[in-house]
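The sequence shown begins at 958 in the working numbering and counts up by one.
For every residue, glycine included, the Cβ atom is placed at its ideal position computed from N, Cα and C.
All of these numbers come straight from a predicted model, not from anything done at the bench.
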Amino acid sequence: MNRFLSSFVHNVDAKGRVSVPSSFRQVIASRGIQELFAMRSLSQPAIDVGGAELMEHFEAQMEAMDPFSDLYQEMAIYAYGDGAYLKFDTEGRILMTDFIRAHTGISDRVAFVGMKNSFQLWEPERFEAFRGALREKLRDRLTRDRGASASVETPE
């Protein structure tokens, strides 16, 4: 396994800990990820979680910017000032901190959602609603695209 794939819902224990899905822990181990970094999604009530690749993505974009520009400063605050490290305990659990709960609405259950090189943490009902709306949106888009390509006449 070399990518974060699928989604899983796990319970949060009384101390606020949740077990990371075993397949996600296998990806973390196979990639040699030592630290997990978390940041609030800009577009969803979810937390983006990943290793060095997640940070390197933002840093590569920032390197192309003027370090004194507003956009650079905003990206730096977002990536460094508004992020957090997640620590594993010896049993493969992470803590659902106030940082995570405030943005996601997570209380007693967490949806882990694979996104190839990273994963997201969601409140399960919010994720199900988002996933349902996403399926409809994609279905509509594919139907429109098929209809548009079928209506185009091809020269003989």
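Hey, out of the options, whose CA is closest to residue i's CA?
i            : options                   : result
residue 1084 : 999, 970, 1053 and 1062   : 1062
residue 969  : 1042, 1086, 1022 and 1049 : 1049
residue 987  : 1001, 1074 and 973        : 1074
residue 979  : 1009, 1045 and 1026       : 1045
residue 1008 : 989, 1098, 1024 and 1102  : 989
residue 1000 : 1106, 1060 and 1100       : 1060
Please return the same chain residues whose Cβ sits closer than 8 Å to the Cβ of residue i, not counting the five positions on each side in sequence.
i            : result
residue 1016 : 1036
residue 1066 : 966, 967, 968, 969, 1080 and 1081
residue 1042 : 992, 993, 994 and 995
residue 921  : Lying before the first or after the last residue shown, residue 921 is absent from the chain, which here runs from 958 to 1113.
If I measure Cβ to Cβ from residue i and keep anything under 7 Å in the same chain, skipping five residues before and after, which residues do I get?
i            : result
residue 1040 : 994, 995 and 996
residue 1053 : 969, 973, 975, 1063 and 1067
residue 958  : 980, 983, 984 and 987
For residue i and residue j, which I take to be in contact (beta-carbon distance under 8 Å), what is that distance rounded to the nearest angstrom?
i            : j            : result
residue 964  : residue 1071 : 7 Å
residue 1003 : residue 1077 : 4 Å
Is it the case that the Cβ atoms of residue i and residue j are separated by a distance below 8 Å?
i            : j            : result
residue 960  : residue 984  : yes
residue 1033 : residue 1012 : no
residue 981  : residue 1056 : no
Residue i: buried (16+ other C-beta within 10 angstroms of its C-beta) or exposed?
i            : result
residue 1051 : buried
residue 1005 : buried
Which same chain residues end up closer than 6 Å to residue i when comparing Cβ atoms and leaving out the 5 residues on each side of it in sequence?
i           : result
residue 998 : 1005
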